[in-house]
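Engineer: Okay, handing you the structure first.
Number of protein chains: 2
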Amino acid sequence: MAVCELCEESGGEIIFRNEQLRVVLVADANYPGFCRVIWNAHVREMTDLAIADRSTLMRAVCQVEAAQREVLQPEKINLACLGNMVPHLHWHLIPRFADDAHFPHPIWAASVRQTADEVLAQRRALLPALQAAVIRYVSCAS
Amino acid sequence: MAVCELCEESGGEIIFRNEQLRVVLVADANYPGFCRVIWNAHVREMTDLAIADRSTLMRAVCQVEAAQREVLQPEKINLACLGNMVPHLHWHLIPRFADDAHFPHPIWAASVRQTADEVLAQRRALLPALQAAVIRYVSCAS
């Protein structure tokens with residue numbers, strides 16, 4: 002059996018980790034603030050999780066979404082659980098902006114523009130605040 | 002304000018509908034069994050829903066995923082909540098196969114092959130069973 006890269010590696014810069022899951026920041030030059038919520042155990046699909054664990058995972062996804070909205074104020078949040086290449090349960094959380102490289106298309110489509118460097122730099126400057134907000138939200142009870 | 006197409010229209014062939022949400026079958030020739038779970042009220046993001054409603058919606062998403070896995074036995078399920086073009090909360094649930102038009106890439110990327118007509122016809126033949134399974138799963142308590 003092939004090695005799973007999300008079993009072997011963190012999948013990004015870890016912002017938060019507990020026994021069940023971790024939140025990482027994705028290094029994508031076009032999408033500052035792109036996060037992943039990764040279930041630590043090697044599970045393939047949402048419906049392979051116990052129902053209580055599905056709730057735990059989606060609560061974390063929503064908490065990270067809340068942090069992204071608060072700090073980055075994006076036009077839209079995109080959530081996706083794909084895993085065709087790495088079938089280890091993980092959620093992509095992508096803050097989308099009207100001036101981003103693919104808007105209004107999904108980020109996996111062909112790009113339609115280049116976002117201005119200074120705009121990307123302004124968004125990158127918010128990443129420390131995003132990391133603090135993620136930790137604050139995921140440490141909440143609800 | 003522009004009219005919202007998911008407020009005005011069903012968004013697909015309705016399989017199930019209750020007061021809060023509906024499940025529809027998407028007419029996509031390359032992806033038989035592609036379903037959407039659509040929140041009936043005009044809400045933009047998951048975190049605009051009350052926490053109990055988020056759970057209700059994700060429970061339905063998982064129930065439809067379970068029906069798709071049981072009937073279609075896909076290689077992978079892809080879940081996505083995008084809404085850049087239609088910012089009315091809806092989930093895409095796409096059964097993925099190694100021989101589908103984009104695998105292992107997301108369906109929004111460039112296609113990499115044409116699936117054989119007879120394979121697509123075999124999958125389409127399962128749609129009545131899928132519709133029955135969706136109704137059975139979403140009518141369950143858990």
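First to last, the sequence lines map onto chains A and B.
The first sequence begins at 2 in the numbering used here and counts up by one.
The second sequence begins at 2 in the numbering used here and counts up by one.
C-beta atoms are modelled at their ideal positions from N, C-alpha and C, and glycine is treated no differently.
From a predicted model like this one, the values you see are computed outputs, not experimental measurements.
Is DSSP giving C5(A) helix, strand or coil here?
Structural biologist: Counting from one through the first sequence, the residue named residue 5(A) turns up at place 4. Coil at C5(A), not helix or strand.
Engineer: Under 7 Å between C-beta atoms, does A81(B) make it to chain A?
Structural biologist: One-based indexing of the second sequence puts residue 81(B) at position 80. It does: the Cβ of A81(B) has a partner Cβ on chain A nearer than 7 Å.
Engineer: Is there at least one Cβ from chain B nearer than 7 Å to N85(A)'s Cβ?
Structural biologist: Here residue 85(A) refers to the residue found at position 84 when the first sequence is read from its first residue. Yes, contact with chain B.
Engineer: Give the DSSP-derived three-state secondary structure of A130(B) in the structure shown.
Structural biologist: In the second sequence, residue 130(B) corresponds to position 129, counting from 1. It is helical.
Engineer: Of all the CB atoms in chain B, is at least one closer than 7 Å to the CB of R97(A)?
Structural biologist: The residue you call residue 97(A) lines up with position 96 of the first sequence. With 7 Å as the cut-off, R97(A) counts as an interface residue toward chain B.
Engineer: By the DSSP assignment, the alpha helix (DSSP H) with A53(A) in it spans what residues?
Structural biologist: Locating residue 53(A) in the first sequence gives position 52, where the first residue counts as 1. It spans I52 to L73 - the alpha helix (DSSP H) in which A53(A) sits, taken as one unbroken run.
Engineer: Using three-state DSSP, classify I95(A) as helix, strand or coil.
Structural biologist: As a working mapping, residue 95(A) is identified with position 94 in the first sequence. Reduced to three states, the DSSP call for I95(A) is strand.
Engineer: Quick one: is Q123(A) buried, meaning 16 or more other Cβ sit within 10 Å of its Cβ, or exposed?
Structural biologist: In the first sequence, residue 123(A) corresponds to position 122, counting from 1. Under this definition Q123(A) is an exposed residue.
Engineer: Does chain B have any CB closer than 7 Å to the CB of E66(A)?
Structural biologist: On the first sequence, residue 66(A) is found 65 positions in, with the first residue counted as 1. Yes, its Cβ sits closer than 7 Å to a Cβ of chain B.
Engineer: Check distances from the C-beta atoms of the region 38–49 of chain A to those of chain B and list, in chain order, the residues that come in under 8 Å.
Structural biologist: From the region 38–49 of chain A, only R45, E46, M47 and T48 have a Cβ closer than 8 Å to chain B.
Engineer: Just the C-alpha distance for A42(B) and F104(A), rounded to the nearest angstrom, thanks.
Structural biologist: Numbered from its first residue, the second sequence carries residue 42(B) at position 41. Numbered from its first residue, the first sequence carries residue 104(A) at position 103. So the alpha carbons of these two residues sit roughly 24 Å apart.
Engineer: From the DSSP output, in three-state form, read off I78(B) for me.
Structural biologist: Position 77 of the second sequence, counted from the start, is the residue given in the question as residue 78(B). If DSSP states are grouped into helix, strand and coil, I78(B) belongs with the strands.
Engineer: Check the Cβ of P107(B) against every Cβ in chain A and list those closer than 7 Å, keeping chain order.
Structural biologist: Looking up residue 107(B) in the second sequence gives position 106. What P107(B) touches in chain A: L83, P107 and W109.
Engineer: Within 8 Å, do at least three Cβ pairs link the region 58–77 of chain A to the region 86–95 of chain A?
Structural biologist: Yes, the region 86–95 of chain A is in contact with the region 58–77 of chain A.
Engineer: Shorter than 7 Å from the beta carbon of C8(A) to some beta carbon of chain B?
Structural biologist: One-based indexing of the first sequence puts residue 8(A) at position 7. No, its Cβ sits nowhere closer than 7 Å to a Cβ of chain B.
Engineer: I believe V120(A) touches F17(A) by the beta-carbon criterion, under 8 Å. Please report the beta-carbon distance rounded to the nearest angstrom.
Structural biologist: Residue 120(A) sits at position 119 when you count from the first residue of the first sequence. Residue 17(A) sits at position 16 when you count from the first residue of the first sequence. Contact flag wrong, Cβ pair sits at about 27 Å.
Engineer: Could you tell me whether the region 64–80 of chain B touches the region 31–49 of chain B, where touching means 3 or more Cβ pairs closer than 8 Å?
Structural biologist: Yes: at least three Cβ pairs fall under 8 Å.
Engineer: Does the beta carbon of C63(A) sit closer than 7 Å to a beta carbon anywhere in chain B?
Structural biologist: The count along the first sequence starts at 1 and reaches residue 63(A) at position 62. Yes, C63(A) lies at the interface with chain B (some Cβ there is under 7 Å from its Cβ).
Engineer: Counting contacts by CB-CB distance shorter than 7 Å, is I16(A) in contact with chain B?
Structural biologist: Locating residue 16(A) in the first sequence gives position 15, where the first residue counts as 1. I16(A) does not count as touching chain B.
Engineer: Determine whether the Cβ of I78(A) lies closer than 7 Å to any Cβ atom of chain B.
Structural biologist: Start at 1 with the first residue of the first sequence, and residue 78(A) comes out as number 77. Yes, I78(A) counts as interfacial toward chain B.
Engineer: Could you check what DSSP says for I16(B) in three-state terms: helix, strand or coil?
Structural biologist: As a first step, residue 16(B) is located in the second sequence; it is residue number 15 there, counting from the start. Reduced to three states, the DSSP call for I16(B) is strand.
Engineer: Quick one: what's got a C-beta closer than 7 Å to E71(A)'s C-beta in the same chain, skipping five residues either side?
Structural biologist: The count along the first sequence starts at 1 and reaches residue 71(A) at position 70. The residues are A134.
Engineer: Between which two residues does the alpha helix (DSSP H) carrying L22(B) extend?
Structural biologist: Against the second sequence, residue 22(B) aligns to sequence position 21. Where L22(B) is concerned, there is no enclosing alpha helix (DSSP H), although the beta strand (DSSP E) it sits in stretches over L22 to L26.
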